[in-house]
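S.K.: Taking this note's numbering, the leading residue of the sequence shown gets 2, the next gets one more, and so forth. Virtual Cβ for every residue (Gly too), placed ideally from N, Cα, C. From a predicted model like this one, the values you see are computed outputs, not experimental measurements. Take a look at the following structure, please.
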Amino acid sequence: MTAKAEIRDGFKFRGGSPALDLAATVVGRLGAAPRDLLATPADLDRWLVAAELAEAPPGSTEGNLVQARSLREALYRLALSRAEGAVLPDADRDLLNGYAALPAAPLQLDADGRARLSGDVRGLLAELAREGVSLLGGDFSHRIRQCEGPPCAVLFVDTSRKGDRRWCSMSACGNKAKVAGYRKRASSSAHPDESRDPS
Numbered sequence: 002m003t004a005k006a007e008i009r010d011g012f013k014f015r016g017g018s019p020a021l022d023l024a025a026t027v028v029g030r031l032g033a034a035p036r037d038l039l040a041t042p043a044d045l046d047r048w049l050v051a052a053e054l055a056e057a058p059p060g061s062t063e064g065n066l067v068q069a070r071s072l073r074e075a076l077y078r079l080a081l082s083r084a085e086g087a088v089l090p091d092a093d094r095d096l097l098n099g100y101a102a103l104p105a106a107p108l109q110l111d112a113d114g115r116a117r118l119s120g121d122v123r124g125l126l127a128e129l130a131r132e133g134v135s136l137l138g139g140d141f142s143h144r145i146r147q148c149e150g151p152p153c154a155v156l157f158v159d160t161s162r163k164g165d166r167r168w169c170s171m172s173a174c175g176n177k178a179k180v181a182g183y184r185k186r187a188s189s190s191a192h193p194d195e196s197r198d199p200s
């Protein structure tokens with residue numbers, strides 16, 4: 002079974018959960034000028050297809066876009082609270098529970114033998130909310146981490162055996178950190194502290 006690409010149609014899928022992948026649709030969240038990748042209903046359609054929640058663009062509306070963004074921000078704040086060991090914000094918990102209580106997109110078995118979600122965008126968002134509830138209230142809630150690769154803010158589920166994963170992606174942020182560490186060590190060994198007493 003081949004691993005799925007971490008970047009699909011311009012969106013990052015490194016969270017290990019669709020709920021955390023939705024939260025990653027804001028680029029540079031910790032920087033001075035964050036950029037919302039869900040700028041239009043068409044962007045939401047693209048994300049739902051890239052996330053493999055929809056087979057074809059489901060026809061998102063402006064209202065769906067507002068709903069997706071509010072769900073995304075609630076999921077981000079709740080997951081960040083879990084990562085930091087903080088109390089879950091009541092307003093975000095209530096919003097998530099409200100979305101999760103809506104009729105979710107039904108799972109269907111296609112003629113090709115694959116299971117697929119069907120239904121409208123609201124149903125797909127309800128399914129995402131349920132995924133979020135399962136993650137935030139489940140066995141892996143204590144394994145939610147925020148990537149340590151500056152300036153990355155991606156939240157992910159640490160499924161490593163030791164539970165000490167630090168980066169959202171070893172091939173991206175993890176590799177950058179290793180290269181930076183190597184360069185720092187190489188620079189310090191090439192330029193030893195000249196102020197030391199050589200004796």
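Out of SER119, ALA75, ASP111, state which residue places its alpha-carbon closest to the alpha-carbon of ASN98.
M.R.: Per the Cα distances, ALA75.
S.K.: Mapping DSSP to helix, strand and coil, what is MET2?
M.R.: Unreliable positioning characterises MET2 in this predicted model, as indicated by a pLDDT of 46, which lies under 50. The coordinate reading is nonetheless provided below. Reduced to three states, the DSSP call for MET2 is coil.
S.K.: Using three-state DSSP, classify GLU132 as helix, strand or coil.
M.R.: GLU132: helix per DSSP, three-state reduction.
S.K.: Where does the unbroken alpha helix (DSSP H) through LEU76 begin, and where does it stop?
M.R.: Here the alpha helix (DSSP H) through LEU76 covers 63–85.
S.K.: Determine, using beta-carbon pairs with one atom in the region 109–126 and one in the region 79–92, whether at least three such pairs fall under 8 Å.
M.R.: No: the two stretches stay apart, fewer than three of their Cβ pairs being nearer than 8 Å.
S.K.: Give me, in chain order, the residues of the same chain whose beta-carbon lies closer than 8 Å to that of LEU103; leave out the 5 immediate sequence neighbours on both sides.
M.R.: Excluding positions up to five away in sequence, the list reads ARG123, GLY124, LEU126, ALA127, ALA130.
S.K.: According to DSSP, simplified to helix, strand and coil, what is VAL122?
M.R.: In this structure, VAL122 counts as helix in the three-state DSSP scheme.
S.K.: Alpha carbon to alpha carbon, how far is SER161 from GLU149?
M.R.: Approximately 16 Å, taken between the alpha carbons.
S.K.: Would you call the CB atoms of GLY17 and VAL155 closer than 8 Å?
M.R.: Contact: no.
S.K.: Shortest alpha-carbon distance to TYR77 belongs to which of CYS169, TRP168, PRO152, GLN147?
M.R.: Among CYS169, TRP168, PRO152, GLN147, the Cα nearest to that of TYR77 is on GLN147.
S.K.: Please report the distance separating the alpha-carbon of ARG36 from that of ARG115.
M.R.: Answer to the nearest angstrom: the Cα atoms are 35 Å apart.
S.K.: Using 10 angstroms around the beta-carbon of GLY133, count the other beta-carbons present and answer buried if the total reaches 16, otherwise exposed.
M.R.: Buried, since its Cβ has 16 or more Cβ neighbours within 10 Å.
S.K.: Check the DSSP bridge columns for LEU116 and list the partner residues they point to.
M.R.: Note that residue 116 is Ala in the sequence shown here, rather than Leu. For ALA116, which the question treats as bridged, DSSP gives the partners LEU110.
S.K.: Please state whether DSSP places VAL27 in a helix, a strand or coil.
M.R.: Correct three-state label for VAL27: strand.
S.K.: Shortest alpha-carbon distance to THR41 belongs to which of ALA33, PRO19, GLN68?
M.R.: The residue with the shortest Cα to Cα distance from THR41 is GLN68.
S.K.: Residue range of the beta strand (DSSP E) that LEU156 falls in?
M.R.: Here the beta strand (DSSP E) through LEU156 covers 156–158.
S.K.: Does the beta-carbon of ILE8 have 16 or more other beta-carbons within 10 angstroms, so that it is buried, or is it exposed?
M.R.: The residue in question, ILE8, is exposed, as its Cβ has fewer than 16 Cβ neighbours within 10 Å.
S.K.: Taking LEU119 as the reference, which of GLY139, ALA106, TRP168 has the closest Cα?
M.R.: Note on residue identity: the sequence assigns Ser, not Leu, to residue 119. Considering only alpha carbons, the answer is ALA106.
S.K.: Got a sec? Which residues, its chain only, sit under 6 Å from ALA43 by beta carbon, not counting five neighbours each side?
M.R.: No residues qualify anywhere along the chain.
S.K.: Going by C-alpha distance, which of TRP168, CYS174, ASN65 is nearest TYR100?
M.R.: Out of TRP168, CYS174, ASN65, ASN65 has the C-alpha closest to the C-alpha of TYR100.
S.K.: Could you compute how far the alpha carbon of LYS163 sits from the alpha carbon of ASP111?
M.R.: The straight-line gap from Cα to Cα measures roughly 38 Å.
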